[in-house]
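Chemist: Its first residue numbered 5, the sequence shown is counted upward by one per residue in our numbering.
Think of the CB as a built atom: it goes at the ideal place given N, C-alpha and C, for glycine as much as any other residue.
Have a look at this one before I ask anything.
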Amino acid sequence: MNHPITHWPQTGAPVPPPDLTLDGRDKPPLGESSASAAALPIADAPGSFARALLDLDTLTPAARADVRALLAAHGLCAPEMGRPPAAPARPSADASDPADLLPFDALLKCRRRLGRAGSSQPAVHVELDLSETPIAVQPGDAIGILPENDPILVQRILAHLGLCGRRLADGESLRAHLLARYDLDHATPDLFQLIATLATGERRDIALALRDAPAPAMDVLSALGLLSRFRPSPEALLACLAPLEPRFHLVTSSARLQPGIAALVVEKEDKGSAPTFLSTRAPVGSRLQCLLRRAPHFRLPQQRDVPLIMIGAGVGIAPFRAFLQDRRARMESGPAWLFFSHASAATDYFYEDELRAFRAQGHLTTLTTAWTQSGPQAGSLEGRLAEAAPELLAWISEGAHVYVCGDDVVTAGVERTMVGLLSGHLALAGAGDLDALKAQDRYHVEHL
Numbered sequence: 005m006n007h008p009i010t011h012w013p014q015t016g017a018p019v020p021p022p023d024l025t026l027d028g029r030d031k032p033p034l035g036e037s038s039a040s041a042a043a044l045p046i047a048d049a050p051g052s053f054a055r056a057l058l059d060l061d062t063l064t065p066a067a068r069a070d071v072r073a074l075l076a077a078h079g080l081c082a083p084e085m086g087r088p089p090a091a092p093a094r095p096s097a098d099a100s101d102p103a104d105l106l107p108f109d110a111l112l113k114c115r116r117r118l119g120r121a122g123s124s125q126p127a128v129h130v131e132l133d134l135s136e137t138p139i140a141v142q143p144g145d146a147i148g149i150l151p152e153n154d155p156i157l158v159q160r161i162l163a164h165l166g167l168c169g170r171r172l173a174d175g176e177s178l179r180a181h182l183l184a185r186y187d188l189d190h191a192t193p194d195l196f197q198l199i200a201t202l203a204t205g206e207r208r209d210i211a212l213a214l215r216d217a218p219a220p221a222m223d224v225l226s227a228l229g230l231l232s233r234f235r236p237s238p239e240a241l242l243a244c245l246a247p248l249e250p251r252f253h254l255v256t257s258s259a260r261l262q263p264g265i266a267a268l269v270v271e272k273e274d275k276g277s278a279p280t281f282l283s284t285r286a287p288v289g290s291r292l293q294c295l296l297r298r299a300p301h302f303r304l305p306q307q308r309d310v311p312l313i314m315i316g317a318g319v320g321i322a323p324f325r326a327f328l329q330d331r332r333a334r335m336e337s338g339p340a341w342l343f344f345s346h347a348s349a350a351t352d353y354f355y356e357d358e359l360r361a362f363r364a365q366g367h368l369t370t371l372t373t374a375w376t377q378s379g380p381q382a383g384s385l386e387g388r389l390a391e392a393a394p395e396l397l398a399w400i401s402e403g404a405h406v407y408v409c410g411d412d413v414v415t416a417g418v419e420r421t422m423v424g425l426l427s428g429h430l431a432l433a434g435a436g437d438l439d440a441l442k443a444q445d446r447y448h449v450e451h452l
């Protein structure tokens, strides 16, 4: 759940103005300035890059005028001296921040593997210690973790550019910025434009092609591999990178049953710098910077005995474990039916012992599983729903709330199945169609 956040509280020091001067001894000879400037693809430069080009010391006065004309044509102005763009900042604990995104710090208490070895989609169970945090977390909420990039990757980038130990004009460490504030997993069009400006020949052509590609799947280090002789300044590099975004994970615990704890289900990814932070690299016992995102659309019903139908796949089980814990803590006796799907029962049965305990204790009335890669017994989530149609529709006619959690493929497939089931049984009193359920606020969806 990597949702873009564009309004981090601006608590950090600003990055100095973008400066595309080539670094030290890598500057081209003065005699090459005009030729270099003439080769620049000025007409295609994005606005943000065009602003940065104004500081390139190899531009001729004519080329500089072309850039200013380009900015004016797009209703943009050249940057004022002394007013640099702010760097992406860490979240603050300012109580005036919007209520739907509350920043806080939390201690990483523990991390353990979910499922068993051999899983094709491994995940980990993570617990955050919130005992010193005044923020109340509810089932259905999500917590965003601001990750840090892999220090080894950062060092490789600095070494490749010959910028180890370099600082920005304001004295801040370039390494610290790359480690904590910028996305190094996805090269941006602006970065490819910068590379095309500094590269020559085939490398320049490749950079321009990647700049114009719909979504080039290349990380920053791979993109910088197109550079050989020339090197950007630290400010120029940062001006062309995207900010590092938080990664959101659904809460899988109830504060009523586990006070002071917020548990998360995190996919364990084996590639990418930011995605591996919480699942692998963040040290247990370290403090993490977090954001709480409320989910008023994905709450348990106010009435305690309302039947629940919970449908989830993979890490989509997270909120339903929280729901069951919450009902157990409140001693609620309403019927609850969980549909859970994953690849294999042998390796991917998340929280198997807990689910069986909920079942034995009466907090979970029915547990239906679908294992998509379990040989002859394989089944799909949609297939299990269709097989259970008569009883499922009876629960809905008795006022059940339906909750669905999964990626876009899962949620779309479940919705198609529910539309078919309900449209074929409109005679059931109180069932209606899916639109009726949504209008009654009885069909809740959370996308991963």
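Under DSSP, the beta strand (DSSP E) around Ser345 begins and ends at which residues?
Modeler: Taken as a continuous stretch (DSSP letters only), the beta strand (DSSP E) holding Ser345 covers Ala340 to His346.
Chemist: Is it the case that the Cβ atoms of Lys272 and Ser283 are separated by a distance below 8 Å?
Modeler: yes
Chemist: Below 8 Å, how does it come out for the stretch 347 to 367 and the stretch 117 to 126: are there three or more Cβ pairs, yes or no?
Modeler: yes
Chemist: I'd like to confirm the pairing. Which residues does DSSP put opposite Val270 in its beta bridges?
Modeler: Val128
Chemist: I need the straight-line Cα distance from Pro305 to Asp330, nearest angstrom please.
Modeler: 12 Å
Chemist: Do Leu425 and Ala393 have their C-beta atoms within less than 8 Å of each other?
Modeler: yes
Chemist: Who does Thr373 pair with in a DSSP beta bridge?
Modeler: Phe344
Chemist: Let's test the definition: count the other Cβ atoms within 10 Å of the Cβ of Arg179 and tell me whether it reaches 16, buried, or not, exposed.
Modeler: By the Cβ-count criterion, Arg179 is buried, with 16 or more other Cβ atoms from all chains shown falling within 10 Å of its own Cβ.
Chemist: Considering only residues of the same chain and omitting the five flanking positions on each side of Tyr186, which have a CB-CB separation below 6 Å?
Modeler: Leu245 and Leu248
Chemist: With Leu312 and Ile147 assumed to form a contact (beta carbons below 8 Å), what rounded beta-carbon distance in angstroms separates them?
Modeler: Leu312 to Ile147, Cβ: 23 Å. No contact.
Chemist: Is Phe324 helix, strand or coil when you go by DSSP?
Modeler: Reduced to three states, the DSSP call for Phe324 is helix.
Chemist: Please state the DSSP three-state secondary structure of Ser283.
Modeler: DSSP, reduced to helix, strand and coil, places Ser283 within a helical segment of the structure shown.
Chemist: Using only the alpha-carbon positions, how far apart do Val224 and Met314 sit?
Modeler: Cα to Cα, the separation comes out at about 40 Å.
Chemist: Closest to Ala110 by C-alpha separation, out of Glu450, Ile149 and Asp145, would be which residue?
Modeler: Ile149
Chemist: So, are the CB atoms of Ile321 and Glu131 less than 8 Å apart?
Modeler: no
Chemist: DSSP has His448 in a bridge; who is on the other side?
Modeler: Answer is Tyr407.
Chemist: Name the DSSP beta bridge partners of Val255, please?
Modeler: Leu268
Chemist: Per DSSP, what kind of secondary structure is Arg349 in: helix, strand or coil?
Modeler: Looking at the sequence shown, residue 349 is not Arg but Ala. Coil, per DSSP.
Chemist: Which first and last residues belong to the alpha helix (DSSP H) in which Lys442 is found?
Modeler: Leu438 to Ala443
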